[in-house]
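*Asks:* Protein chains in written order, with this note's numbering: chain E, 1 to 344; chain B, 1001 to 1304; chain Y, 2001 to 2334.
Handing you this structure, nothing more for now.
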Amino acid sequence: MSTAQLASAPPSGSTIARAPRERTNSWPLVDRVGYWLCWTVGISLCLIALAIVLFMLIKGISYLRPSLLVRSPAPSQVQSQSGGFLDPIEGTLLVAGLGTVIAAPLGVAIAAWLSEYARPAWLARTVESALEIIAGAPSVVLALFGLLIFAQNFLGFLSQRAASGAVYGRSFFAAGAIMAVLALPLIVGATREGLAQLPDRLREASFALGRTRATTIRRVLLPAIRADIATGTVLGMGRIIGDTAIIRILLGAALTIQPVGHVPLIGALRGTGSTLTSYVYENSPAGEGNAPQKAYAAAFVLLLIVLFLNGIVTWLTNRGGQSERGGLSRAFRLIPYWSRLNGP
Amino acid sequence: MDPMMPPPVRRIAIDRDPYVAPPRSTGNGATPATTIATRLRAPRAVSAHIRERMRVESVWLAYGDNWVVRDVSLPVRQGEVLAMIGASGSGKTTLLRSLNRLTEITAAAARSGQITLDGQDIHELEVNDLRRRVTMVFQQPNPFPMSIFDNVAYALAERPGRGGRRRRRSSEIEHAVADALHRAGLYDEVADDLERSALRLSGGQQQRLCIARALAAEPEVLLLDEPCSALDPISTATIEELIVELRDSVAIVIVTHNLQQAFRVADHVAFMHLGELVEYGTSTQVFDQPTKERTRDYISGAFG
Amino acid sequence: MPSRSLSYTRRWATGRTDRRVERSLGALAVVVLVFIVAILATVLVKAWPSFSHNGLSWFGPGGNVDTQIRAMAESKPLPGHSIYYFRAWPLIWGTLLTTIFAVLIALVVSILAAIFLTEFAPPPVRRMLDPVIRLLAGVPSVIYGLIGILVIASYIEHHVISEARKASVAYVVQLNGKDVMTATLILTLMILPIMVAITANAMAAVPLSWREGSLALGVNRWRTIWRVSLRTARPAIVAATILATARALGEAVMLAMVSGGRGFAPNLLDGITALFEPVRPLAATIFENSEGLTIPALAHTVYAIGAVLLVSAALLSLSGWASKQRLKRYGIRA
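Laid out in structure tokens, this is it:
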């Protein structure tokens, strides 16, 4: 088959037109109004987010001093000068750490069961709907439940006892445990998404080599979705860090960490304290103290932590060329699982 | 040879070993070197009302920097079926899509040359107006997830009513829907329940529904992009008959890589290869006496 | 789901260890079920005395909620009533006002935003909107509350509410910027991200062939979006609304800071002024009374409020989940 010489380009002098953007001038008025409304909304959202970040940035930088980060809260007449929020930061870390440590293995296990076994089917559906209910439950109610549970006698070792023998029920253990419930749906959701994206041929290949399903999960599937599990965990951490209601109810209004007993970590976990969120609340006009400057500073640190976690999620979901569908990133598609991310 | 007589029966060389080159005719060229389908082409009168509807003049089309269609000029006439044939990548689908400016959906498309509809440059017309006058049926049937009636009536709500009224009243729409379904040959099969979801129809029925939907707006030109490639032979035959029936009222351009289909259906054939228009002529001309060697090779199955 | 297509391998790959692992993993999953049942049971049990003493009028109007709570806290029952006397209507009304307004506004805004995100935004803007929405979803509610109370509430108090308006209701209540309007605005912002995300995901999953088919019939892009994409994404929008409502119901901290802190039931007959009157939604009430839970009467009442919230949220979450299942019909995973 002979290939003749192909003409290479239009003769010079002829105009080459590129595809024009759809001109909306010809649309009916209603449609044009809608088009511009969409643009307005889109740009406004960006501006609002920018405004929030900038505002917190300005206020935070003006009130944040390095000393605040390393000193404990101290009562004083001049609230704006004294103390810092070292304890709340430690409290945040304690709660987030404990909550994640409990929720992550549990969440991955449940997700693996839902995705790979899911027998009998009615049980799987029930568990799914139960997870939805947990995800939608107001955290105040979860906190109330926690109070009931941890005030029971047999769990007295997790907090402290009053002189009368009644269990106080409030401690980092309690808060952390309930926080784990908050983070659980996120971890389960992200892990399930990850498992669903894995092609069946991975599983088939492993079975064809004689491996049991359990080994396949442990050796093949879970390592393949490490990024998704990490994403879910980070999202869970973000949710835990952002929650105030559970802290207030299950940790009380103390500002400093009060350990119970003398064992280093366990004592702190048995005791009460505060986290950044409750610290911000207490220092705001709604709380006890009236030190908005400290509230701003602490809120700024809190926001930085959230931005940092969001950044990690972006980095995790962009690695390995995660699929984009219609221009929406993978992390964006996970938002419905975080349906109540910032937590009441 | 009398153009009204059917051409002699030819047999397709489907049993031939694919690795053996087809025998070439040596010499005079009076013996046709091509072998085509067995089915007799039904004798068809050339339509009496042929008028030119669209004209493609020296059109170049590109995606990005890659020129996909090079210097193509064609007429599109009402009263006849124009078939565009060629291998994959020959640019025939791109050319088809440029006829109703669907290429503009892709941001990186570029063009040069002129395409006119009834004398007017289509790029000066309002694009949605153009697409109502030049409608398209796609390769995969794509009925909307609505009822049959709503599918066919979809384009009708947009078209300004006759006499300058903005909207048609409901009885007009019902009439127009029934009309379109008749023209598409689907009415009898679905008339009992037009509110059924269109997704429940069979593949052939869905494609005819798409044709009905395209016809409902009473277009002047109907573009068909390999409409039968996803269908079984019986549905294909039904749709091909339909196409031939419609040619008097609508100018039809069909892109197909099925040579037998082009032979059965078309009055004029345009063969494209690597973006160039290699040969254009009546179907008997192109299939029986192709003037270019590339055409001969393609039709005999040497490549494709 | 992979498990369905793997049924042929399931029979093949079961062994003793596999069954053991399956059972233990299943047991962990059942823990979730146990948890839900436990929380429902314990909260309802603890809430029961409050309901039994008040009957159905627990939900009705009858006096000042704040006085009733104070009476319980001080163990001094109001004259003529038991210590459990409680009429939650003002709280319920406050919850309804803020939630319904927020969800309605968020519905409209989220549809427009989703259309913008999937159809009109140029790629650089789209890449920017993505982290923006995730940011809005991730900001802790206490920060929203802080900005609300220090910025928005004071702005509204000083620049939006006129003195005349304040005077018109001064004999009943003080308008200080912490009210229905502020609460609704911020609540809308908080539930927007999830609605936008679900709607945009569903719209992006609409097959290109439908959109192309519509454009090829001469329907302009805006109408194509409404008649094809949005129509297909309608179940997703329903699911998003339900889930957003559940989210709005459960919001406690931000509302506690910003909505006024008084168990006041705005009278809609006041017109626009009603928007500037304080409320205290249910979840915020629980949050603010979390200190006094050692007093039995108060504890039972607070748990009763919690029970109402829990049951409502559970019902909403279940219907949201059920409607998300419907999306699978189109193969759209929301």
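Every residue, glycine too, gets a C-beta built ideally from N, C-alpha and C.
No experiment lies behind these values; they were computed from the predicted model shown.
(1) Find the residues of chain B that neighbour T2232(Y), judging by a C-beta separation of less than 7 Å, and give them in chain order.
(2) Classify Q1261(B): buried if its beta carbon has 16 or more other beta carbons within 10 angstroms, exposed otherwise.
(3) How about A297(E) and T272(E): are their beta carbons less than 8 Å apart?
(4) Taking the alpha helix (DSSP H) that R2247(Y) falls in, what are its first and last residues?
(5) Would you say V2308(Y) reaches chain B, if we count a Cβ-Cβ gap shorter than 8 Å as a contact?
(6) With DSSP as the reference, identify every bridge partner of E1276(B), one or two as the case may be.
(7) Please report the straight-line C-alpha distance between T1093(B) and V1255(B), rounded to a whole angstrom.
(8) Relative to the alpha-carbon of F154(E), which residue among F145(E), V140(E), G169(E) has its alpha-carbon at the smallest distance?
(9) What are the residues that DSSP puts in a beta bridge with M1136(B)?
(10) Using a C-beta cutoff of 8 Å, does N25(E) count as contacting chain Y?
(11) Within a Cβ cutoff of 6 Å, which residues of the same chain sit near T2301(Y), ignoring the five residues on either side of it in sequence?
(12) Using a Cβ-Cβ distance cut-off of 8 Å, determine whether F1149(B) contacts chain Y.
(13) Can you pull out the residues from the segment 1082-1097 of chain B whose beta carbon lies closer than 8 Å to at least one beta carbon of chain Y?
(14) What residues match up with Q1114(B) in a beta bridge as DSSP calls it?
(15) Restricting to runs no shorter than 4 residues, where is the alpha helix (DSSP H) found entirely within the segment 15-80 of chain E?
(16) Give a yes or no on whether the C-beta atoms belonging to Y2303(Y) and L144(E) are separated by under 8 Å.
(17) With a threshold of 7 Å (Cβ to nearest heavy atom), would L1186(B) be considered close to the ligand SAH?
(18) With distances taken between CB atoms, is the gap from V70(E) to G84(E) smaller than 8 Å?
(19) Just tell me which of W27(E), L269(E), L302(E), W39(E) has its CA closest to the CA of A2121(Y).
(20) Is V2034(Y) helix, strand or coil when you go by DSSP?
(21) Going by the beta-carbon positions, is the gap between A2113(Y) and I2191(Y) smaller than 8 Å?
(22) Classify H262(E) as buried or exposed, calling it buried when 16 or more other Cβ atoms lie within 10 Å of its own Cβ.
(23) Shortest alpha-carbon distance to R1208(B) belongs to which of N1258(B), F1138(B), S1058(B)?
(24) Apart from the five residues on each side of it in sequence, which residues of its chain come closer than 8 Å, Cβ to Cβ, to S1058(B)?
(25) Starting from P2131(Y), find everything on chain E with Cβ-Cβ shorter than 8 Å and list it in chain order.
(26) The segment 233-249 of chain E: which residues have C-beta closer than 9 Å to a C-beta of chain Y, in chain order?
(27) Three-state secondary structure (DSSP) at E1052(B)?
(28) If I'm right that G1079(B) touches R1247(B) with Cβ under 8 Å, what's the distance once you round it to whole angstroms?
(29) Alpha carbon to alpha carbon, what distance is there between R2070(Y) and P2077(Y)?
(30) Between the C-alpha atoms of I1243(B) and T1236(B), what's the straight-line distance to the nearest angstrom?
(31) Considering only their Cβ atoms, is the gap separating G2306(Y) from V2043(Y) smaller than 8 Å?
(32) Using the rule of at least 16 other Cβ atoms within 10 Å of the residue's Cβ for burial, across every protein chain shown, is R1133(B) buried or exposed?
(33) By DSSP, does D1288(B) sit in helix, in strand, or in coil?
(34) For a quick check, are the C-beta atoms of V108(E) and V2032(Y) less than 8 Å apart?
(35) Contact criterion: CB-CB distance below 8 Å. Does W2210(Y) meet it with respect to chain B?
(36) Following the continuous alpha helix (DSSP H) through I2147(Y), name the residue where it begins and the one where it ends.
*Replies:* Checking against the coordinates, here is how it stands:
(1) P1145
(2) buried
(3) no
(4) 2234-2250
(5) no
(6) R1070(B), H1273(B)
(7) 7 Å
(8) G169(E)
(9) L1223(B)
(10) no
(11) S2050, F2086
(12) no
(13) none
(14) E1057(B)
(15) 29-63, 66-70
(16) yes
(17) This structure does not include the ligand SAH; it has no bound ligands of any sort.
(18) yes
(19) W39(E)
(20) helix
(21) no
(22) exposed
(23) F1138(B)
(24) D1071, V1072, S1073, S1112, G1113, Q1114
(25) N310, T314
(26) L235, G238, R239, I241, G242, D243, T244, A245, R248, I249
(27) strand
(28) 6 Å
(29) 9 Å
(30) 10 Å
(31) yes
(32) buried
(33) helix
(34) no
(35) yes
(36) 2141-2147
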